[in-house]
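S.K.: Note that the numbering used here has the sequence shown beginning at 723, numbered continuously upward.
Here a beta-carbon is modelled for each residue, glycine too, at the ideal position from N, C-alpha and C.
Take this structure first; my questions come after.
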Amino acid sequence: MTIETVVFPVAGKGTRFRPATLGTPKELLPVIDTPLLQFSIDEALEAGAKHLIFVTSPDKPGISHYLEATGVAGKCEVTVLMQTEQLGLGHAVNCARDSVGNRRFGVILPDDLIVAPQGCLAQMAALEHDGHSFAAIQEVSREDTGRYGIMDVSEQVGNIHHALSIVEKPAPEEAPSCLGVVGRYILEPAVFDHLAENRRGSGGEIQLTDALEKMIGAKGLAGYAFSGRRFDCGTPEGMLEATLAYARQKPSLRAVLNEQTDMANAA
Ligand code: UTP
Numbered sequence: 723m724t725i726e727t728v729v730f731p732v733a734g735k736g737t738r739f740r741p742a743t744l745g746t747p748k749e750l751l752p753v754i755d756t757p758l759l760q761f762s763i764d765e766a767l768e769a770g771a772k773h774l775i776f777v778t779s780p781d782k783p784g785i786s787h788y789l790e791a792t793g794v795a796g797k798c799e800v801t802v803l804m805q806t807e808q809l810g811l812g813h814a815v816n817c818a819r820d821s822v823g824n825r826r827f828g829v830i831l832p833d834d835l836i837v838a839p840q841g842c843l844a845q846m847a848a849l850e851h852d853g854h855s856f857a858a859i860q861e862v863s864r865e866d867t868g869r870y871g872i873m874d875v876s877e878q879v880g881n882i883h884h885a886l887s888i889v890e891k892p893a894p895e896e897a898p899s900c901l902g903v904v905g906r907y908i909l910e911p912a913v914f915d916h917l918a919e920n921r922r923g924s925g926g927e928i929q930l931t932d933a934l935e936k937m938i939g940a941k942g943l944a945g946y947a948f949s950g951r952r953f954d955c956g957t958p959e960g961m962l963e964a965t966l967a968y969a970r971q972k973p974s975l976r977a978v979l980n981e982q983t984d985m986a987n988a989a
C-alpha cells in the first residue's frame, strides 16, 4: 500500500540552530550536500506520495524557493501553506486540514532523518490497518524522555505496539515507558477534529501528541518500531552524527575522516 498525501510541518523557528537559521530554514540545513528537506521529499515519494503539502512560515521564503528550484512540482502535486504564528506542531498540521481533505495522510518532520534500506514512511504505509493511526517509535534513554512524546503500549504484534496512552515530554520519573515518538506519522483525518480544539499543552504549544491521545479511544493509535537509524538533526549533536555517517558512505569523504582520525591518534 502507498500513502498519497504527505504533510511536512516546516514552519518552526529552529532556535537550536541559531544563528544559522536566521538565514537558512532549519529544514534546508544540509547533511554535506543534501538538505534535510530533500531526504524527506525522497522518503515521501518512495512511499507513493502524489500530493506534498508544506506548512511553512512567511519568515522562511527559502522553503518555497527550494521547492521551485528542485522542480518537485513536476513529479507530483505540491501545496505550500503558511502558518503565520508558530503555535506548535499540532497547529501546523491542522493548517493542512483543507488541503488533506477526508483521507488518511502521512506526516514527516524533516529534522528527524531516518536512514533505512526502505524509507520509514514506506514501511508504515505498508502496514495492515483497520482505521488505526500510527506514529513511529524507538526506545530512548530514560533521561531523554523530556524531549519526546512518550507512548505506553499494551500488546505487541510484530513491530506494532498498541497504544494505551501517549504524553508529550514527560519528566523521566513520570514517563510511562521509554518508547519515544519520532517524526513519522500516518494519521486518520479524525485527528483534525481534535487538533481544531486548539488545546495548549506542553510548553504552551498546540501539540500533535495531545490530539493523538484522543485518538486512542476510537479506532486506535499504534506505535511502529521502524527499521533504520534515526538522527535527531534538530540538535547540533544529531546533525554531526548524521554528517559523519553520511561521510562514511562516500569513499572520498571517508578518506578525509580516516586522515582526521590518524592525525588525532598521532597528536
Ligand atoms: P521543533 O519542536 O523541533 O521546533 O519542531 P523548531 O521551532 O523547528 O526548532 P527549535 O526547537 O526552535 O530549535 C518540530 C517540527 O515541527 C515544525 C518544525 O518546523 C519541525 O519540522 N513546527 C514546529 C512547525 O511547523 N510549527 C510550529 O509551530 C512548531
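According to DSSP, E963 sits in a beta bridge with which residue or residues?
M.R.: BP columns for E963 are empty, so no partner.
S.K.: Give a yes or no on whether the C-beta atoms belonging to A933 and L917 are separated by under 7 Å.
M.R.: Cβ atoms of A933 and L917: closer than 7 Å.
S.K.: With 16 as the cutoff for other CB atoms within 10 Å, does P839 come out buried or exposed?
M.R.: With fewer than 16 other Cβ atoms within 10 Å, it is exposed.
S.K.: Could you tell me if the beta carbon of T737 falls within a distance shorter than 6 Å of some heavy atom in the ligand UTP?
M.R.: Yes - the ligand UTP has a heavy atom lying nearer than 6 Å to the Cβ of T737.
S.K.: Specify the secondary structure class of I908 as computed by DSSP and reduced to three states.
M.R.: Of the three classes helix, strand and coil, the one that applies to I908 here is strand, per DSSP.
S.K.: Can you look up S876 in the DSSP assignment and give me helix, strand or coil?
M.R.: Three-state result, S876: strand.
S.K.: Mind checking who M804 pairs with in its DSSP beta bridge?
M.R.: Note: M804 sits in a beta bridge opposite T778.
S.K.: By the DSSP assignment, the beta strand (DSSP E) with V913 in it spans what residues?
M.R.: Taken as a continuous stretch (DSSP letters only), V913 belongs to no beta strand (DSSP E), being part of the alpha helix (DSSP H) at V913 to L917.
S.K.: If you draw a straight line from the C-alpha of T801 to the C-alpha of E877, how long is it?
M.R.: About 38 Å.
S.K.: Can you look up G926 in the DSSP assignment and give me helix, strand or coil?
M.R.: In this structure, G926 counts as helix in the three-state DSSP scheme.
S.K.: Could you confirm whether any beta carbon from chain E is found closer than 7 Å to the beta carbon of I908?
M.R.: The structure shown contains no chain E; it holds only a single protein chain.
S.K.: My assumption, with CB atoms under 8 Å, is that A814 sits in contact with I775. Please give the rounded CB distance.
M.R.: The pair is not a contact, with the Cβ atoms about 11 Å apart (cut-off 8 Å).
S.K.: Could you give the first and the last residue of the continuous beta strand (DSSP E) run that contains A988?
M.R.: Taken as a continuous stretch (DSSP letters only), A988 belongs to no beta strand (DSSP E), being part of the alpha helix (DSSP H) at P973 to A988.
S.K.: Would you list the one or two residues that DSSP bridges to Y946?
M.R.: Paired residue(s): A858 and I882.
S.K.: Taking the alpha helix (DSSP H) that L751 falls in, what are its first and last residues?
M.R.: Here L751 belongs to no alpha helix (DSSP H), and DSSP marks it neither H nor E.
S.K.: Going straight from the alpha carbon of L835 to that of K772, what length do you get?
M.R.: Taking the straight line joining both Cα atoms gives about 21 Å.
S.K.: Could you check the C-alpha separation between I785 and A742 for me, to the nearest Å?
M.R.: Whole-angstrom Cα-Cα distance: 15 Å.
S.K.: Can you determine whether any heavy atom of the ligand UTP sits closer than 6 Å to the C-beta of L979, and answer yes or no?
M.R.: No, since every heavy atom of the ligand UTP falls outside the 6 Å radius drawn around the Cβ of L979.
S.K.: Please say whether Y907 and V829 have beta carbons closer to each other than 7 Å?
M.R.: Result yes, Cβ atoms of V829 and Y907 sit closer than 7 Å.
S.K.: Could you name the residues of the same chain whose beta carbon sits closer than 6 Å to that of P747, not counting the 5 residues immediately before and after it, in chain order?
M.R.: Around P747: K782, G784 and I785.
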